[in-house]
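Residue 15 in UniProt numbering is what sits at position 15 of the sequence shown, and the numbering runs on without skipping anything.
The block underneath contains the structure these notes are about, expressed in structure tokens.
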Amino acid sequence: MVHNGLSVIAKDPLLPKTAPLLPLQSLGRSDFSQKLESSLSPDRLYITIQNLPNNYLSIYLSIYLSIYLSIYLSIYLSIYLSIYLSIYLSIYLSIYLSIYLSIYLSIYLSIYLSIYLSIYLSIYLSIYLSIYLSIYLSIYTV
């Protein structure tokens, strides 16, 4: 017998109980494989679920995976990233800064000091010596 597109199986005492009986109204429309049984009262229909339906399985898996992955990833990533970043940054920054600063400072200081000192000393010494010599010579030559 077919009722609302679902086949109704007469209550058989030899039929094994594979799952708890659920009211047909609580499940709504569904297209997964099910068995229907009539309960003690002939006007109410109950459904026995043979397998976990795809809808419930997908909902269960999505909830389980979202909770599991959020907890796992938050713990794993916090531990991993803290350890990784502390080790990586300490090694990287120590090596990088030592090499970079040694090269940069050596090049920068050599170029800067050579240019600065050559210009500064040439200008300073030329002005200073010219003034000093002019004053010195003016005092001692008279």
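For every residue, glycine included, the Cβ atom is placed at its ideal position computed from N, Cα and C.
Quantities reported herein were computed from a predicted structural model and do not represent experimental measurements.
Query	Result
Beta strand (DSSP E) segments (min. 3 residues) lying fully within the segment 45–120	45–48
CA-to-CA distance, isoleucine 103 to threonine 141, given in whole angstroms	53 Å
Straight-line gap, isoleucine 111 to leucine 121 (C-alpha atoms, nearest Å)	15 Å
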